[in-house]
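Undergrad: The sequence shown begins at 1 in UniProt numbering and counts up by one. Could you have a look at this structure, given as structure tokens, before my questions?
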Amino acid sequence: QPILGELRASQVSPESVQLEWSVPEGSFDSFTVQYRDAQGQPQVLPVDGGSRTVTVPGLSPSRRYKFNLYGVWGRKRLGPVSTDAATGMGVWMDGHMEVDILHCDLSPAAPADEEPTPQPILGELRASQVSPESVQLEWSIPEGSFDSFTVQYRDAQGQPQVLPVDGGSRTVTVPGLSPSRRYKFNLYGVWGRKRLGPVSTDAATGEAAILHCVCSIAAPAPEDEEPTSQPTLGELRASQVTPQSMQLEWSVPRGSFDSFTVQYRDAQGQPESLLVDGGSHMVTVP
Numbered sequence: 001q002p003i004l005g006e007l008r009a010s011q012v013s014p015e016s017v018q019l020e021w022s023v024p025e026g027s028f029d030s031f032t033v034q035y036r037d038a039q040g041q042p043q044v045l046p047v048d049g050g051s052r053t054v055t056v057p058g059l060s061p062s063r064r065y066k067f068n069l070y071g072v073w074g075r076k077r078l079g080p081v082s083t084d085a086a087t088g089m090g091v092w093m094d095g096h097m098e099v100d101i102l103h104c105d106l107s108p109a110a111p112a113d114e115e116p117t118p119q120p121i122l123g124e125l126r127a128s129q130v131s132p133e134s135v136q137l138e139w140s141i142p143e144g145s146f147d148s149f150t151v152q153y154r155d156a157q158g159q160p161q162v163l164p165v166d167g168g169s170r171t172v173t174v175p176g177l178s179p180s181r182r183y184k185f186n187l188y189g190v191w192g193r194k195r196l197g198p199v200s201t202d203a204a205t206g207e208a209a210i211l212h213c214v215c216s217i218a219a220p221a222p223e224d225e226e227p228t229s230q231p232t233l234g235e236l237r238a239s240q241v242t243p244q245s246m247q248l249e250w251s252v253p254r255g256s257f258d259s260f261t262v263q264y265r266d267a268q269g270q271p272e273s274l275l276v277d278g279g280s281h282m283v284t285v286p
């Protein structure tokens with residue numbers, strides 16, 4: 001498991017703070033920086049896993065901020081490590097007008113016949129596949145392209161969670177959810193220094209199914225035969241989910257069963273049972 005090192009503010013201006021951090025051991029898939037803006041609203045800045053520095057833009061002069069850095073490693077979010085930093089003061093001119101320190105852009109101007117890059121647009125967000133523990137989200141980009149995306153939601157304990165997604169993706173699976181629970185997902189698009197959105201959707205996770213097995217008890221084996229060992233049930237998972245059905249798969253690491261039964265409750269809360277023969281390790285619940 002990788003380790004997050006120290007987080008510090010290396011450069012500060014009236015409008016921005018540059019953060020730097022170390023990773024003493026291992027590597028992360030990505031990072032997220034979380035802080036609250038001048039209005040107290042939570043903000044999230046996604047950073048790719050190869051970076052060790054990021055500039056947080058759009059801050060207010062003469063204000064103290066607290067920054068939290070999280071490392072994303074597979075399905076885990078590690079951290080945070082934190083630091084405080086105060087932005088610099090603005091410059092007063094004509095006795096009344098506050099302006100920020102002048103920044104010069106020395107990059108060559110775009111040719112006159114070149115159109116400025118249009119701001120991208122976030123399309124519809126929807127839940128395309130749902131299981132008891134996860135939701136797959138899909139979205140469209142009708143115009144332009146984003147540098148990255150972030151999905152925000154609250155877990156079963158009400159804690160805010162952030163899932164960073166690269167800019168080329170149009171789908172992501174949100175793992176580690178609780179069965180039979182409704183979630184609201186917000187998708188933001190990051191374009192340069194701007195965070196656009198959100199577009200939102202609600203989705204309810206499915207109800208967990210229970211798998212029972214039936215194992216017959218055979219007559220005692222002759223003395224020269226080994227007794228049959230008791231079979232073992234392995235993991236049960238939902239492999240395919242549609243609005244009307246769910247396909248379940250399971251393993252039997254040892255031995256064999258005579259039959260299986262799947263039990264669940266329907267939309268009206270009534271208990272249902274589905275009998276499956278012992279040679280099958282898959283069934284579709286219609």
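The C-beta atom is built at its ideal place from N, Cα and C for all residues, glycine as well. Here the structure is a predicted model, which is why all the values come from computation and not from measurement.
1. Could you pull the DSSP bridge partners for Arg195 from this structure?
2. Let me make sure I understand the geometry here. Which of Leu233, Arg170, Gly5 has the alpha-carbon closest to that of Tyr70?
3. In whole angstroms, what separates the C-alpha of Thr261 from that of Gln136?
4. Excluding sequence positions up to five away, which residues of its chain have a Cβ less than 7 Å from the Cβ of Asp277?
5. Nearest-angstrom Cα distance between Met282 and Gln247?
6. Just verifying my parser: in three-state terms, what is the DSSP assignment at Asp255?
7. Can you say whether Thr32 is buried or exposed, counting buried as having 16 or more other CB atoms within 10 angstroms of its CB?
8. Does DSSP put Glu20 in a helix, in a strand, or in coil?
9. So what's Ala38 in DSSP terms, helix, strand or just coil?
10. In the DSSP assignment, find the unbroken beta strand (DSSP E) run with Asp277 in it and report its ends.
11. From what residue to what residue does the beta strand (DSSP E) around Glu249 run?
12. Assess, as a yes-or-no matter, whether the stretch 129 to 149 is touched by the stretch 3 to 17 under the definition of 3 or more beta carbon pairs within less than 8 Å.
13. Quick one, which of Val285, Pro179, Ser30 has its alpha-carbon nearest Phe149's?
14. For Ser200, is the classification buried or exposed, using 16 other Cβ atoms within 10 angstroms of its Cβ as the cut-off for buried?
15. Could you pull out every residue in the same chain whose Cβ sits closer than 8 Å to the Cβ of Ile141, ignoring the five residues on either side in sequence?
16. Find out if the Cβ-Cβ distance for the pair Ala38, Arg64 is shorter than 8 Å.
17. Give me whichever residues DSSP pairs with Val203 in a beta bridge.
TA: In short, the structure shows the following:
1. Val190
2. Gly5
3. 28 Å
4. Ser259
5. 7 Å
6. Looking at the sequence provided, one finds Gly at residue 255 rather than Asp. Gly255 falls in the coil class under three-state DSSP.
7. buried
8. strand
9. coil
10. 271 to 277
11. 246 to 250
12. no
13. Ser30
14. exposed
15. Pro120, Ile121, Leu122, Gly123, Arg170, Gly189
16. no
17. Val is not the amino acid found at residue 203; the sequence shown has Ala there. Note: Ala203 sits in a beta bridge opposite Tyr183.
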